[in-house]
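K.L.:
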Amino acid sequence: MALIAVAALLTPRASLARCDSPGDPDCVDLQADFRGTVDFFATGAALTVNDDDDDRPDRALDEASVVVPERRIPPRAKLLKAYLYFGGSLFADGDDIEEPDTQVELQVPGSTSFSVVDGEQVYRSGPIPGFPEVILYSVRADITELMTSTQANLHGTYTLRGFAADIFNGDQEHTAATAAFSIVLIFEEALLPPRSIVLFDGMQEVLGSTVTLDLSGFIVSEQPSGSLTFFALEGDCNPGPDACANGNNLAGLERVRVIGADGTRTLVLKDDLNPPNDIFNRTINTVDPPLMNVTGTDIDTFDITEVLRAGDESVRVEVTTPAPAHGEAGELIGLAYVVVGIDVFAPELRVDSRIEVSTDRGSVLDAYYPGDPLRVKYALSNTGNLPASQVKLTTDVPANVRAFEVLEAPEGAELSVDPTGGAFGRGQVSVEGVAVRHGEVNDLVLLMETDCPLPNGGALALAADVGAPREGGVPFTMTTTVALLGRDRCGPRYYLYGGGGCRGIDTGGDGLWLLGGLVVLLGARRRRGVAWLAAALGLAFAAGCSPDTQEDPGADRPAPAARGYACPGQDGMVIIPSIRNQPPFCVDQYEATIVEGALGNPEQPEGGDGSTTAVAASVRFAHPAVGVSWFQAQAACANAGKRLCTAQEWQVVCRGDEELAYPYGETYEPGTCNGFGASRGGVVETGAMIESVPRDDGGYDAGGCVSVHGAYDLSGNVWEWNADAFLGDTRRGLAGGSFRSNEAGLRCVTEDAHAPPGEVNDAYGFRCCADYAPGG
1271 MALIAVAALL TPRASLARCD SPGDPDCVDL QADFRGTVDF FATGAALTVN DDDDDRPDRA
1331 LDEASVVVPE RRIPPRAKLL KAYLYFGGSL FADGDDIEEP DTQVELQVPG STSFSVVDGE
1391 QVYRSGPIPG FPEVILYSVR ADITELMTST QANLHGTYTL RGFAADIFNG DQEHTAATAA
1451 FSIVLIFEEA LLPPRSIVLF DGMQEVLGST VTLDLSGFIV SEQPSGSLTF FALEGDCNPG
1511 PDACANGNNL AGLERVRVIG ADGTRTLVLK DDLNPPNDIF NRTINTVDPP LMNVTGTDID
1571 TFDITEVLRA GDESVRVEVT TPAPAHGEAG ELIGLAYVVV GIDVFAPELR VDSRIEVSTD
1631 RGSVLDAYYP GDPLRVKYAL SNTGNLPASQ VKLTTDVPAN VRAFEVLEAP EGAELSVDPT
1691 GGAFGRGQVS VEGVAVRHGE VNDLVLLMET DCPLPNGGAL ALAADVGAPR EGGVPFTMTT
1751 TVALLGRDRC GPRYYLYGGG GCRGIDTGGD GLWLLGGLVV LLGARRRRGV AWLAAALGLA
1811 FAAGCSPDTQ EDPGADRPAP AARGYACPGQ DGMVIIPSIR NQPPFCVDQY EATIVEGALG
1871 NPEQPEGGDG STTAVAASVR FAHPAVGVSW FQAQAACANA GKRLCTAQEW QVVCRGDEEL
1931 AYPYGETYEP GTCNGFGASR GGVVETGAMI ESVPRDDGGY DAGGCVSVHG AYDLSGNVWE
1991 WNADAFLGDT RRGLAGGSFR SNEAGLRCVT EDAHAPPGEV NDAYGFRCCA DYAPGG
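In terms of our numbering, the sequence shown opens at residue 1271 and continues consecutively.
#1: Assuming Gln1874 and Phe1901 form a contact by the criterion Cβ under 8 Å, report the distance between their Cβ atoms to the nearest whole angstrom.
#2: Any contact of the region 1336–1347 with the region 1527–1542, i.e. 3+ C-beta pairs under 8 Å?
#3: Along the beta strand (DSSP E) that carries Gln1373, what are the first and last residues, could you check?
#4: Take Val1386 and list the residues in its own chain whose beta-carbon comes closer than 7 Å to its own, dropping the five residues that flank it on each side.
#5: What are the partner residues of Leu1543, as DSSP defines its beta bridges?
#6: Taking the alpha carbon of Ser1304 as the point to measure from, which residue in Thr1664, Ser1479, Glu2021, Arg1465 has its own alpha carbon closest?
#7: Thinking C-beta only, is Ala1334 closer than 7 Å to Thr1567?
#8: From the DSSP output, in three-state form, read off Glu1458 for me.
#9: Have a look at Leu1462 and Glu2021 and give me their C-alpha separation to the nearest angstrom.
#10: Thinking C-beta only, is Val1963 closer than 7 Å to Asn1987?
#11: Which residues mark the beginning and the end of the alpha helix (DSSP H) in which Phe1901 is found?
#12: Below 8 Å, how does it come out for the region 1416–1424 and the region 1357–1372: are there three or more Cβ pairs, yes or no?
#13: On a CA-only basis, which of Leu1619, Tyr1639, Leu1717 is nearest Asn1726? Give me that one, please.
#14: Scan the region 1544–1615 and note each continuous beta strand (DSSP E) run of 3 residues or more that stays entirely inside, going in chain order.
#15: Tell whether a beta-carbon distance below 7 Å holds between Gly1926 and Ser1977.
#16: Just to confirm the assignment, what range does the alpha helix (DSSP H) spanning Val1922 have?
#17: From the DSSP secondary-structure annotation, give me the bridge partner or partners of Ile1849.
#18: I'd like to check one pair, Ser1497 with Gly1611: are the Cβ atoms closer than 7 Å?
#19: So, for Arg2048: in the same chain, excluding its five sequence neighbours on each side, which residues have a beta-carbon less than 6 Å away from its beta-carbon?
#20: Check whether the region 1903–1918 touches the region 1876–1889, counting contact only when three or more Cβ pairs, one atom from each stretch, lie closer than 8 Å.
#21: Alpha carbon to alpha carbon, how far is Leu1717 from Lys1647?
#22: For the beta strand (DSSP E) that Met1718 lies in, which residues bound it at each end?
#23: For Ser1628 and Val1634, I'd like the C-alpha separation in whole angstroms.
#24: DSSP three-state call for Thr1536: helix, strand or coil?
#25: Do Pro1894 and Gly2035 have their beta-carbon atoms positioned less than 7 Å apart in this structure?
#26: Below 8 Å CB to CB, which residues in the same chain sit around Thr1751 once its five sequence neighbours on both sides are set aside?
#27: Could you round the C-beta distance between Ala1449 and Ala1435 to whole angstroms and report it? I think they count as a contact, below 8 Å.
#28: Check the C-beta distance from Asp1630 over to Leu1644 and give it rounded, since I have them as a contact under 8 Å.
#29: Sorted by chain position, which residues of the same chain lie with C-beta nearer than 7 Å to Asn1670's C-beta, five sequence neighbours on each side aside?
#30: Out of Arg1850, Val1614, Gly1380, Glu1928, point me to the one whose CA is closest to Arg1579's CA.
#31: Taking contact to mean 3 or more Cβ pairs, one atom from each stretch, closer than 8 Å, check whether the region 1394–1408 and the region 1320–1338 are in contact.
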């Protein structure tokens, strides 16, 4: 006999579960949902022991423990909810246990004492045909407050005691007897890919029938991905472990089947531990190594991606158990909780998109002089995990702007400019068909000149309407306001910097030029083939001021000492020691560059077709290889006697021993690596973002965009291919972000970036790894 707890993760709007008796208050139904960079972990343990070869518990345990492995909980996970489920069988036999036990004691990880836990909800099964002497029940307790008040770790040992297990009918063993508990942890962590988790619980008996759960109110993302985890009380093997070695329940059909929204896609859950016709067989596969012969307990997770399609709004879960037949006892199942998982793949433009204002030379000030040219950047930043396409952005030129020019427009987008349009008649600019890769930024840049004079000062209020991407989302408006200083006269001025650049200084008179003559810009500044001038009065600029420049702070210093340890027999590689059970290996210090040979065919067999003769090299101050497909990167590494890094290796290199969010630390620093925030505008040479940090002894250490073990430019510059496959072997992993990447795209994560292996892009590069061989 077996009792089932199932968990369902979906993207809900109004999710519901429906089973055979919708009016039954104990029917499995929606309990809670969570969205964002969230995940969950479920495990549990038996509260009984079976000492012989039958499937009937022989004794109850005074206490039982379960371990949540450290590796299954992200290092900086924040607990959202923690639930304890406990329960089992209840016999009407006149003993001293006639009601469900709703109070237990629990010791959580890190605590030295037990705490009393009272259940907040009790679910009972209905009458069980053929077994009038027994019902099944489960109790739910919210232990979130207990976890937070004791500052408990999520990982570690959970010990339960004090449960009154009723496993005997009088003094007789019984096939329906069971007692067990389960821990369910829901947590969030910024580095996790987005998911939605919906928890359903209750108690619905199943014996010799099929119970159907219709889960709806969600939308499957464009890249379908999902899982299902269930918890089964008293999972057994009928008629016994030896007879069920072939996975065949002799009494009849025993399975969990998942059906896609259109009814034609079906999946019978199974794996190496769980045969398709004996799925309730005392296993826990959520831990590593998996557990077998766990009396009275089944907790297993399965991938259900193959039955999901983009746009699906429902999924059906069927649980079937056999009735007693052929001399066999059949299977009694009690559905206690359900968790089905749908990963969320969607673009997200609202979180980080913004309007930035600076001088025409890129300097951000607290306030600006009226009449001076200002650079206005409308940055569309995608912090989701799916590219956004067909985005439209429209902005009306503010009422106090007298002239404007389009400096940059998103590549491939359709630009429309109305010099006298908009709400104020000062102009309107619109771009349609904008594409923004996940983790990257695409922008529209205007040059504006405000009205002048402005004796009492004022403000420049900017706004842009952004339409929803084709892949989903909602339209929104981004706004910003910058201060304009009071000024009662106008004239050309320049911006002076200590390094020879320029900043705003009042020149003391209208029309006075300090350095150079008048230059009227007639749409000559071009980028991506776009230029526009609204020349009601013209845009005037001062000649003679050099662009902003920064002297290399390390130009007069010795080269910094290299971080890490050189890999024996491998030029330009450093050793990555064993971290989190990952064996030591070697990794390129720098993003790969091609010193000889041809890249060859971008689309070729995985083993190569011989067209790639390029040899990957790891050297500083070289231009990294870009426009490289995964096949070419794989071949170039192989030609150098190396290989592409696995996603796990790449993440270990980037995050180091301390599980950092970025290679240089836990907090995002816009200028440290070559991402969008560094404003480099393109790929830089390998190692160019290194800084020389002085030591007490007069030497210099390497700082800046470098990891703990000495790998440079892991964040930004170019996306780096890795060896891992995604979405049924149709895509390959990318990591680290590029010069276009936002804060989210520059993190040390590998789960949410991938592309077809034959795709080339001016921001795709790679680095190689190699096995570590001591002594070379």
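Heads up, the beta-carbon is just placed ideally off N, CA and C, and yes, glycines get one too.
Nothing here was measured: the structure is a model prediction, and the numbers come from that model.
P.N.:
This is what the structure holds:
#1: Counted from its first residue, the sequence shown places residue 1874 at position 604. Counted from its first residue, the sequence shown places residue 1901 at position 631. The Cβ separation is near 5 Å, so the contact holds.
#2: no
#3: Here residue 1373 refers to the residue found at position 103 of the sequence shown. Start and end: 1373–1377.
#4: Within the sequence shown, residue 1386 is the residue found at index 116, counting from 1. Cβ neighbours of Val1386 beyond the five flanking positions: Gln1373, Glu1375.
#5: Here residue 1543 is taken as the residue at index 273 of the sequence shown, counted from 1. Answer is none; Leu1543 lacks a bridge partner.
#6: Along the sequence shown, read from residue 1 onward, the residue named residue 1304 stands at position 34. Reading off the sequence, residue 1304 comes out as Phe, not Ser. In terms of CA proximity to Phe1304, Arg1465 leads the group Thr1664, Ser1479, Glu2021, Arg1465.
#7: Along the sequence shown, one-based indexing puts residue 1567 at 297. Along the sequence shown, one-based indexing puts residue 1334 at 64. No, the pair does not count as a contact, with Cβ atoms beyond the cut-off.
#8: Within the sequence shown, numbered from 1, the residue matching residue 1458 stands at position 188. It is a strand residue.
#9: The residue given as residue 1462 occupies position 192 in the sequence shown. The residue given as residue 2021 occupies position 751 in the sequence shown. One C-alpha to the other measures close to 8 Å.
#10: For the purposes of this step, residue 1987 is taken as the residue at position 717 of the sequence shown. For the purposes of this step, residue 1963 is taken as the residue at position 693 of the sequence shown. For the 7 Å CB-CB criterion, Asn1987 and Val1963 do not form a contact.
#11: What you label residue 1901 is simply residue 631 of the sequence shown in a count that begins at 1. First-last of the alpha helix (DSSP H) with Phe1901: 1900–1909.
#12: no
#13: As a working note, residue 1726 is residue 456 in the sequence shown. Scanning Leu1619, Tyr1639, Leu1717 for the CA closest to the CA of Asn1726 turns up Tyr1639.
#14: 1567–1573, 1584–1590, 1602–1613
#15: Against the sequence shown, residue 1926 aligns to sequence position 656. Against the sequence shown, residue 1977 aligns to sequence position 707. Taking 7 Å as the Cβ cut-off, Gly1926 and Ser1977 qualify as a contacting pair.
#16: Working through the sequence shown from its first residue, we reach residue 1922 at position 652. Looking at the DSSP string, the run of the alpha helix (DSSP H) that includes Val1922 is 1917–1925.
#17: By one-based count along the sequence shown, residue 1849 stands at place 579. For Ile1849, which the question treats as bridged, DSSP gives the partners Gln1852.
#18: Position 341 of the sequence shown holds residue 1611. Position 227 of the sequence shown holds residue 1497. Yes, these two residues count as a Cβ contact at 7 Å.
#19: Nothing about residue 2048 can be read from this structure; the chain reaches only from 1271 to 2046.
#20: Here the region 1903–1918 lies against the region 1876–1889, with 3 or more beta-carbon pairs under 8 Å apart.
#21: The residue labelled residue 1717 in the question sits at position 447 within the sequence shown. The residue labelled residue 1647 in the question sits at position 377 within the sequence shown. Taking the straight line joining both Cα atoms gives about 9 Å.
#22: Residue mapping note: residue 1718 aligns to position 448 of the sequence shown, counting from 1. Met1718 -> beta strand (DSSP E) spans 1711–1720.
#23: For the purposes of this step, residue 1628 is identified with residue 358 of the sequence shown, where counting begins at 1. For the purposes of this step, residue 1634 is identified with residue 364 of the sequence shown, where counting begins at 1. Going from the Cα of Ser1628 to the Cα of Val1634 covers about 4 Å.
#24: Numbered from its first residue, the sequence shown carries residue 1536 at position 266. Correct three-state label for Thr1536: strand.
#25: Indexing the sequence shown from 1 puts residue 2035 at position 765. Indexing the sequence shown from 1 puts residue 1894 at position 624. For Gly2035 and Pro1894, yes; Cβs fall inside 7 Å.
#26: The count along the sequence shown starts at 1 and reaches residue 1751 at position 481. If we look at Thr1751 and ignore the five residues flanking it on each side, its Cβ neighbours are Ala1729, Leu1730, Ala1731, Leu1732.
#27: By 1-based counting over the sequence shown, the position of residue 1449 is 179. By 1-based counting over the sequence shown, the position of residue 1435 is 165. Confirmed, about 4 Å.
#28: Residue mapping note: residue 1630 aligns to position 360 of the sequence shown, counting from 1. Residue mapping note: residue 1644 aligns to position 374 of the sequence shown, counting from 1. Yes, Asp1630 and Leu1644 are in contact; Cβ-Cβ is about 7 Å, under 8 Å.
#29: Translated into the one-based positions of the sequence shown, residue 1670 becomes position 400. Same-chain partners within the cutoff: Thr1720, Asp1721, Gly1728, Leu1730.
#30: The count along the sequence shown starts at 1 and reaches residue 1579 at position 309. Ranking Arg1850, Val1614, Gly1380, Glu1928 by Cα distance to Arg1579 puts Val1614 first.
#31: They do not touch, by the three-pair rule.
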